[in-house]
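Step one of this worksheet: look at the structure below.
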Amino acid sequence: MMKSKRSMLGALVSDALELAKAANGDTGAKSIAKMVLTSDSYRITALNRAREAALDYHIPLVNHVLRVAQTAVMGIEIGKDVTLGKGVYFVHSLGIVIGGDARIGDRVRFYGNNTVGTAKDNGYPTIEDDVWIGAGARILGPVRIGARSRIGANAVVLQDVPPDSVAVGIPARVFPRKDTDDVVL
Numbered sequence: 390m391m392k393s394k395r396s397m398l399g400a401l402v403s404d405a406l407e408l409a410k411a412a413n414g415d416t417g418a419k420s421i422a423k424m425v426l427t428s429d430s431y432r433i434t435a436l437n438r439a440r441e442a443a444l445d446y447h448i449p450l451v452n453h454v455l456r457v458a459q460t461a462v463m464g465i466e467i468g469k470d471v472t473l474g475k476g477v478y479f480v481h482s483l484g485i486v487i488g489g490d491a492r493i494g495d496r497v498r499f500y501g502n503n504t505v506g507t508a509k510d511n512g513y514p515t516i517e518d519d520v521w522i523g524a525g526a527r528i529l530g531p532v533r534i535g536a537r538s539r540i541g542a543n544a545v546v547l548q549d550v551p552p553d554s555v556a557v558g559i560p561a562r563v564f565p566r567k568d569t570d571d572v573v574l
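Heads up, the sequence shown is in my numbering, so the first residue is 390 and it goes up one at a time.
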């Protein structure tokens, strides 16, 4: 949670740097400006940071109004108690729902139409850093998705996924990643 205007500004700058690196492979001024001015992912993240600040400062209704705007304009629903890490990248934001008190790590990529939530009101997922979540994937319940893992398109994850793994299928089966030595994140 952000406790000052400076920390909100710092979070926005950090998000711009991380997103520029993820999208364009560099953090030069031109790349960062392109991210800030043209990226839906940055707009979603910035709106979410503003929502966090409204909650921190106990400003009534602002969080709710921004959530409704975020859902209506960007097609994404992020619950008020969700924690987003730095540089969360929404490749395609339409249809993404992140609910409850889910914890999303740094540089997580969402490829669209994803659900991160609960199946039985028994808790919400924790997704560690540098995870990629394929289009249509569902991650449900109090599960932990380990760092650098990949969740396949349309997978339904109902169990923990260790770091450096791949989860595919319905329900998802988990396999070790074979490309981890070559991956630079």
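Cβ coordinates follow ideal geometry from the N, Cα and C atoms, glycine included.
For residue 529, the enclosing beta strand (DSSP E) starts and ends at 527-529. Linking residue 535 to residue 483 through their CA atoms gives a straight-line distance of about 25 Å. Distance check between residue 525 and each of 517, 515, 561 and 537 places 561 closest, using alpha-carbon atoms only.
Taking every protein chain shown into account, the CB of residue 499 has 16 or more other CB atoms within 10 angstroms, so this residue is buried.
Between residue 508 and residue 529 a beta carbon distance of about 4 Å is seen, short of the 8 Å cut, so the two are scored as contacting. A distance below 6 Å between beta-carbons, with the five flanking residues on each side excluded, links residue 405 to the following residues of its chain, in chain order: 421, 424 and 425. Taking a C-beta distance under 9 Å as the contact criterion, residue 439 and residue 450 do not qualify as a contact pair. In the structure shown, residue 547 adopts coil according to DSSP, grouped into three states.
Taking the C-beta atoms as reference points, residue 495 is found nearer than 9 Å to residue 474.
In the three-state reduction of the DSSP assignment, residue 477 falls in the coil class.
Shown here, residue 517 sits in coil according to DSSP, grouped into three states, outside any helix or strand. Look at residue 460 here: in three-state DSSP terms it is helix.
Looking at the backbone, the Cα of residue 477 and that of residue 493 are separated by about 8 Å. Minimum Cα-Cα distance from residue 504 among the listed residues 468, 565 and 410 corresponds to 468. Under the DSSP assignment, residue 555 falls in the beta strand (DSSP E) whose first and last residues are 554-557.
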